[in-house]
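Just so we're aligned: 220 in the working numbering is position 229 of the sequence shown, and the numbers increase by one with no gaps anywhere. All residues carry an ideal CB built from backbone N, CA and C; glycine is no exception.
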Amino acid sequence: MKRAATLAVRAGSVTIGGGNPIVVQSMCATRTQDVEATAAQAKMLHEAGAGLVRVAIDSTRDVEALAEVRARVPEANLVIDLQESYRLVTEVAPYVAKVRYNPGHLYHHEKRKPVRDKVAFIAEAAARHDIALRVGVNCGSVDPAVAAKFEGADAPGLDGVTAMVESALEHCRYLDDLGFTRFVVSLKDSDPKKVVEGNRRFAAARPDVPLHLGVTEAGMLPDGAIKTRIAFEQLLSAGIGDTLRVSLTLPFAEKWREVEVGKQILADIEAGRFRSVPKDFGHGLNIISCPSCSRVENEAFVDLAFKVKEIAAYARDYDITIAVMGCRVNGPGETDDADLGLWCAPNFVNLKKGEHELGAFPYDTVLDRLKVELDALIAVKKPVVSR
Ligand code: SF4
């Protein structure tokens, strides 16, 4: 497979970029503090072939749990998803091969401190502990200062892509200035078109930096795999991409399928087996759902996502997006662009129509209200696809 000439970045026993085999990775969807479940899932993902296994960390109690997971699954190359408490990097670094930080999250914590100084803190910890970094930019949570600067810069349908790319480039410059070269970058969104556009632009500007590919909140099988495949086929066939993750909403016991789907997509591209992109892709019912992570507030979320897909099936020929998210932290923002959005709290589910909040509903009644809202949307729309 044609590959861009990126730098080689070692993370534990794998090397990303530099012409090395593309690393398939995955992430634990369990609560990090549930050590039994997290260790079991990390082991499952490693055994399925995940070169890197990511775990989200947001507190010192998470770090304590991480140490135990590390001890129980020493064979896995663990990666940490650093949330807003960036200073935790010094505590997690001894247990992991790589740390991912999100420039959008860095902006929010210790607002008076220059972002450059926070990056320096993270890079210094990474260098001291001999680990790699990922600058992980999400189109839906770009650093607000960068988002404001590039507002309106994109063509219709590609909103936020310029800000996403510029934010990634800015952080590359911070790391360059610090002399830190052991990093990869990711530019993700739930819309495959934005993922393709953002990664193409970034790769043209920084062909030396290894790229981690992913479509966020891709949803359930088979749609989630299709959305991801569309983006990966276009990028990998152009030589763009050194590691990847397929983000799917799956029952915890089946999380290994993320790795399986990733390996299958790679094998198909390698063998020249491209799936033709359905001509009308991007039209009709589009359900996006997060893969869940340690922030998920109620495991009933996975069941809810599957039920939403089931009850909304009758709307398949209408251009409608429904977003289902597992927590109150990212749920509100990540559902903004959907026609109907649901995000889960421990005992209730928030529902909104566009940006308008409709209220919080118990898990066992929210689907009734969702259906009422879906009926109302269909009543004013025309079917857009005939299948
Ligand atoms: S929406 Fe919340 S639960 Fe879902 S992946 Fe994102 S942070 Fe995790």
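Is it the case that the CB of residue i approaches a heavy atom of ligand 1 more closely than 7 Å?
{"i": "E325", "result": "yes"}
{"i": "S283", "result": "yes"}
{"i": "G317", "result": "yes"}
{"i": "V250", "result": "no"}
{"i": "G322", "result": "yes"}
{"i": "R286", "result": "yes"}
With DSSP collapsed to three states, give me the class of residue i.
{"i": "L166", "result": "helix"}
{"i": "F272", "result": "Unreliable positioning characterises F272 in this predicted model, as indicated by a pLDDT of 46, which lies under 50. The coordinate reading is nonetheless provided below. Coil, per DSSP."}
{"i": "Y354", "result": "coil"}
{"i": "S267", "result": "Because S267 carries a pLDDT of 41, less than 50, the predicted location of this residue cannot be relied on, and the following value inherits that uncertainty. Looking at S267 - three-state DSSP - the assignment turns out to be coil, as it is neither helix nor strand."}
{"i": "C130", "result": "helix"}
{"i": "C146", "result": "Per the sequence shown, the amino acid found at residue 146 is Ala instead of Cys. If DSSP states are grouped into helix, strand and coil, A146 belongs with coil."}
{"i": "Y305", "result": "helix"}
{"i": "N190", "result": "helix"}
{"i": "L239", "result": "coil"}
{"i": "D327", "result": "coil"}
{"i": "R248", "result": "helix"}
{"i": "L(-2)", "result": "coil"}
{"i": "D259", "result": "helix"}
{"i": "D199", "result": "coil"}
{"i": "R119", "result": "helix"}
{"i": "A314", "result": "strand"}
{"i": "G10", "result": "coil"}
{"i": "E348", "result": "strand"}
{"i": "R125", "result": "strand"}
{"i": "K373", "result": "coil"}
{"i": "R380", "result": "As displayed, the chain neither begins before -8 nor continues past 378, which places residue 380 out of reach and without an answer."}
{"i": "V320", "result": "coil"}
{"i": "K89", "result": "strand"}
{"i": "G332", "result": "strand"}
{"i": "R378", "result": "Residue placement at R378 cannot be trusted, given a pLDDT of 46 that sits under 50; what the coordinates show is reported in the next sentence. R378 falls in the coil class under three-state DSSP."}
Since residue i and residue j are thought to touch, with beta carbons under 8 Å apart, how far apart are those beta carbons, to the nearest angstrom?
{"i": "V287", "j": "C318", "result": "6 Å"}
{"i": "A159", "j": "V126", "result": "6 Å"}
{"i": "L295", "j": "V315", "result": "7 Å"}
{"i": "L368", "j": "D330", "result": "6 Å"}
{"i": "Y92", "j": "L73", "result": "5 Å"}
{"i": "E157", "j": "V137", "result": "6 Å"}
{"i": "D233", "j": "I71", "result": "Actually they are not in contact, since the Cβ atoms of D233 and I71 sit about 19 Å apart, beyond 8 Å."}
Ends of the beta strand (DSSP E) at residue i?
{"i": "V14", "result": "V14 to M18"}
{"i": "G205", "result": "L202 to V206"}
{"i": "L178", "result": "F174 to K179"}
{"i": "T29", "result": "That residue, T29, is in no beta strand (DSSP E); its alpha helix (DSSP H) goes V26 to A39."}
{"i": "K344", "result": "V340 to K344"}
{"i": "A47", "result": "L43 to I48"}
{"i": "V5", "result": "V5 to I7"}
{"i": "V70", "result": "L69 to L73"}
{"i": "I278", "result": "N277 to S280"}
From what residue to what residue does the alpha helix (DSSP H) around residue i run?
{"i": "F223", "result": "D214 to L227"}
{"i": "M211", "result": "Per DSSP, M211 belongs to no alpha helix (DSSP H) and is neither H nor E."}
{"i": "R63", "result": "T51 to R63"}
{"i": "V83", "result": "V80 to V83"}
{"i": "Y98", "result": "P94 to H99"}
{"i": "V137", "result": "P135 to K140"}
Is residue i near ligand 2, in the sense that its beta carbon is under 7 Å from a heavy atom of that ligand?
{"i": "A31", "result": "In the structure shown, ligand 2 is absent; the only ligands present are ligand 1."}
*Inspect the CB distances between the region 83 to 101 and the region 60 to 69 and report whether three or more fall short of 8 Å.*
yes
_Inter-stretch contact (C-beta, 8 Å, three-pair minimum) for the region 30 to 39 and the region 111 to 118_ = no
*Is it true that the region 209 to 226 meets the region 171 to 178, where meeting means three or more beta-carbon pairs spaced less than 8 Å apart?*
no
*Can you find at least 3 beta carbon pairs, one from the region 221 to 228 and one from the region 238 to 247, that sit closer than 8 Å?*
no
*Quick check: the region 4 to 24 against the region 38 to 49, are there 3 or more CB pairs under 8 Å?*
yes
*Does the pairing of the region 359 to 372 with the region 299 to 314 give three or more beta-carbon distances under 8 Å?*
yes
*Quick one: any contact between the region 98 to 105 and the region 46 to 58, if contact means 3 or more CB pairs under 8 Å?*
no
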